[in-house]
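Have a look at the structure below, then the notes.
Residue numbers (my numbering): 335 to 1391.
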């Protein structure tokens, strides 16, 4: 499932606009459901879940936060233009479940029933586990009495591919246990969703009725993947077919737009295009596809791919319940591995939600039963085991810790962080830097310092690395010519009679660094391997396990049972050795800890060179940040030399922009500049975007320095690779028969660009090297030619080609880290590091591709991607971050109601009578509508001004809006804001009185225990009697006094309220 804070899928991207605009596409959403004119709403309370139907207008009211039956707004909280209206949880079932349902009506019925049970459990979990926020700054957590969800079900993708998925729209307005409507706590919602996902996966694997129905038909579920095991081989074939449909759809859409200039296709037009694209390549090519025809065609395609599906399968009978003590421990270890793997890139901390989700996913893999009691008890037992044996609780001294707060850490990770901290501290020992004039002299030699020599910061870095301090760190952005600096430092060290050894997280990176600097080089893992470190994978959990061999000990990783004799002579380092770790930001804690043990024992100096702002390591991050804290000398490189304009000059403007992008500051300005300077391309949907990325890549790929294309996920890389390969075939750039078929089903031809995915010295290849396939030899090997090193060729055997070769037109961000190419393309959905790396690989071209309807939407997406979280390198960082997180979280029991004398309306005996005497000029809803109008006009004004500024800055963008139009709109904004101020001034005093009365009613009815409520009432009556007469109703709310008492709000007491 994927959670979004706004509806992109159904609302077509307008969810980020003003409130009125956010409701404009509900008609389209209903039209796409193929369900007539209504959608189903589910209302969950303590009594259960009830369902009813909403029409278009009712849905609009519901999304806006109103009661769809009466139109009355729920609650009276004034919302800004960017407030969440609802949350869209997309439930994507594994593809093979949909394929199984296509094959048999009984499986289809069971699948529908399974989805309904998953939906009901999800809704129930949301109601019981989520919360609203109350009190000053939302610090009080309020349990929920009622939530409402709209369900949209689809049996297929837009490519008419069988792939069942459901959109569950959770309305942001929820009813608290105190009887008040308010917004859902979005922080908790986002963090809780991982547990909802896990529960859905568990149900798909263990649901009794579902599993039994599959078993009766001879099918079983792979517990690790959640796929039907007997149908997994069909997924790739259907995915390739889906890519062909998407390509045809993009072509037909372009034709439609050419025939209808200035118009946008309606839902019916889009559906017609979908059906036409789906029919391409099918013999019947129907103009309109009925449900029956579509289902029959899919079934024929399935049986054509695998005729054995037509045969009756033998029922599966081994479905016994098997839960033992060893299972509990294995589930616990799998749970912590799952939770820990989700924390590696930031901190090592994870929440109770994440831990529980890991346990649920682990149970799905280990426990073969659908009994909910057995499953629940197994999860609980595994959690107890995990907390008691494998974890530390960083919040052990805190009470009422919300489930979404990262309180747990693997004990091993905590120990590793402590040891690494101590190791860095011990490594640091200040020495002397080499004199600047000596480095300048070396750098003046073009063979060493290149054409431009070194700048001031590069010189300082070379002086430090060539000096005698035992711990040096150098951080530099992409394109800072770190390699040139290292080449000069190596020359100085060699002149001193000292050894330089360059290591890197990958063999490929170390080879490049060694080749370009002239130094000895190897992978970092190869070095620590020589010093006895071994790592393996736990067979039960897949978790990495590290150990170190003593000299004379048998090596368990050796196939021949070799005895470890110590490092080879060529690998020995000593006090005269400077170990330079290139790409040090990608080194994980385990590997850095091993390296520090080597330097501690040998006395070797250590220099960490890299950029933590780029790609994170695969394991826990923070090693380089710790090194920087304790370094004897630290140097920041600030100049960027990589980028060139079209006429070959240094592109200093873009270099400065990448530095701001890297810093993470002023992301709004950075995003705007990226868009206005032509570094962003957009498309209306993912289909068009992938087609545009394909075409742009092929446009850039002909250059001698080639192109790079990076995307967010491996699945998207497969999709884009297939599109580019097919386009090259269509253009005649690739011909002939396939020369290899990989394990994942990719077909490789001579002429394809591929990547080797594992180091193999026997075949002379390294992980992540990029090659062009030249041919298949007479010995059935593939001849590969390096894309980066002219004249370098090698051959790989058929086994390597099948298991370790992949198409390399597109890759994830790890695949292009360290590359320098002519042009670079980065797709949507990457994080801040991915966006920065993707937009700094190209010397001439760097472009981000986004699904966006306009520049403003693209900028908002970029701002979101540019956000960077805080790095928690040490345990002290973890504790500080935890307490910051607790400080902003809604928590139960932390804030008690103030005494009645301090509450604005606490003295009143008859709240209803007081309310009846107050008649505000405008309601909260009316004030919200007035504010929305002003917000919308002001947003339009900003767009006009930005368009005019852009046109003035770049005449190629055409003429901007007229000044008169801007002035006229400014007048409308002024008028709207004046009306807003007038209405607020006239209404807010009375509205505040009503708010105070409402808050007092909630406090008396829901927040006070019986004894306190009774005591307060008696005290109020007593005071009223002594007052000798009725008091006028005058509710006055005074400003909150911050920091008063134990979380209470101190307000002006006394009768004048």
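We put the beta carbon where it would ideally sit given N, CA and C, even for glycine. No experiment lies behind these values; they were computed from the predicted model shown.
Pair within 8 Å by beta-carbon distance, residue i and residue j
{"i": "residue 1118", "j": "residue 1136", "result": "no"}
{"i": "residue 1059", "j": "residue 1141", "result": "yes"}
{"i": "residue 1092", "j": "residue 1098", "result": "no"}
{"i": "residue 436", "j": "residue 634", "result": "no"}
{"i": "residue 923", "j": "residue 804", "result": "no"}
{"i": "residue 878", "j": "residue 919", "result": "no"}
{"i": "residue 801", "j": "residue 779", "result": "no"}
{"i": "residue 418", "j": "residue 517", "result": "yes"}
{"i": "residue 379", "j": "residue 466", "result": "no"}
{"i": "residue 799", "j": "residue 700", "result": "no"}
{"i": "residue 1045", "j": "residue 1186", "result": "no"}
{"i": "residue 1121", "j": "residue 1150", "result": "no"}
Distance, residue j Cα to residue i Cα
{"i": "residue 586", "j": "residue 443", "result": "35 Å"}
{"i": "residue 894", "j": "residue 868", "result": "16 Å"}
{"i": "residue 1270", "j": "residue 1179", "result": "36 Å"}
{"i": "residue 738", "j": "residue 535", "result": "20 Å"}
{"i": "residue 1223", "j": "residue 669", "result": "25 Å"}
{"i": "residue 681", "j": "residue 1108", "result": "45 Å"}
{"i": "residue 1293", "j": "residue 1285", "result": "6 Å"}
{"i": "residue 1279", "j": "residue 1301", "result": "10 Å"}
{"i": "residue 423", "j": "residue 706", "result": "24 Å"}
{"i": "residue 499", "j": "residue 427", "result": "6 Å"}
{"i": "residue 627", "j": "residue 647", "result": "26 Å"}
{"i": "residue 1005", "j": "residue 1019", "result": "20 Å"}
{"i": "residue 980", "j": "residue 583", "result": "35 Å"}
{"i": "residue 1015", "j": "residue 563", "result": "40 Å"}
{"i": "residue 425", "j": "residue 1067", "result": "40 Å"}
Element boundaries [alpha helix (DSSP H), containing residue i]
{"i": "residue 383", "result": "Element bounds for residue 383: not the alpha helix (DSSP H) but the beta strand (DSSP E), 382-388."}
{"i": "residue 697", "result": "686-700"}
{"i": "residue 449", "result": "439-463"}
{"i": "residue 1055", "result": "1048-1064"}
{"i": "residue 1157", "result": "Run containing residue 1157: none in the alpha helix (DSSP H); it sits in the beta strand (DSSP E), 1155-1160."}
{"i": "residue 1089", "result": "Per DSSP, residue 1089 belongs to no alpha helix (DSSP H); it is in the beta strand (DSSP E), 1087-1090."}
{"i": "residue 1336", "result": "1297-1336"}
{"i": "residue 1076", "result": "Premise fails: residue 1076 is in no alpha helix (DSSP H) and is neither H nor E."}
{"i": "residue 1197", "result": "1189-1200"}
Continuous beta strand (DSSP E) stretch holding residue i: start and end
{"i": "residue 854", "result": "854-857"}
{"i": "residue 1235", "result": "It is not in any beta strand (DSSP E) - residue 1235 carries neither H nor E in the DSSP assignment."}
{"i": "residue 1185", "result": "1176-1185"}
{"i": "residue 1172", "result": "Premise fails: residue 1172 lies in the alpha helix (DSSP H), 1166-1172, not in any beta strand (DSSP E)."}
{"i": "residue 1141", "result": "1139-1141"}
{"i": "residue 1354", "result": "No beta strand (DSSP E) contains residue 1354, which is instead part of the alpha helix (DSSP H) from 1344-1360."}
{"i": "residue 422", "result": "420-426"}
{"i": "residue 1081", "result": "1081-1083"}
{"i": "residue 881", "result": "878-882"}
{"i": "residue 378", "result": "373-379"}
Which listed residue (the options) has its alpha carbon closest to that of residue i
{"i": "residue 978", "options": "1157, 1306 and 589", "result": "1157"}
{"i": "residue 858", "options": "1095, 1221, 1265 and 844", "result": "844"}
{"i": "residue 559", "options": "841, 544, 545 and 538", "result": "538"}
{"i": "residue 570", "options": "582, 430 and 696", "result": "430"}
{"i": "residue 722", "options": "745, 1069, 1194 and 482", "result": "745"}
{"i": "residue 1089", "options": "459, 1105, 1075 and 378", "result": "1105"}
{"i": "residue 1205", "options": "1126, 1344, 950 and 1148", "result": "950"}
{"i": "residue 792", "options": "514, 1339, 821 and 802", "result": "821"}
{"i": "residue 1056", "options": "823, 1358, 1080 and 514", "result": "1080"}
{"i": "residue 673", "options": "660, 696 and 662", "result": "696"}
Neighbour flag for residue i against chain E, beta carbons, 8 Å
{"i": "residue 1118", "result": "Of the protein chains in the structure, only one exists, and it is not chain E."}
Q.
Suppose only complete runs of 4+ residues qualify. What are the alpha helix (DSSP H) ranges in the segment 903-980, listed by chain order?
A. 923-936 and 957-964
**Q.** 3-residue-minimum beta strand (DSSP E) runs that sit fully inside the segment 793-834, ordered along the chain
**A.** 805-809
Q: Only counting runs of 3 or more residues, tell me where the beta strand (DSSP E) segments fall wholly within the segment 1005-1035, in order along the chain.
A: If we require 3 residues or more, the beta strand (DSSP E) runs fully inside the segment 1005-1035 come out as 1014-1017.
Q: Go through the segment 709-774 residue by residue and report every complete run of the beta strand (DSSP E) that reaches 3 residues or more, in order.
A: 725-727 and 740-744
**Q.** Uninterrupted alpha helix (DSSP H) stretches inside the segment 483-547 (no shorter than 4 residues)
**A.** 520-540
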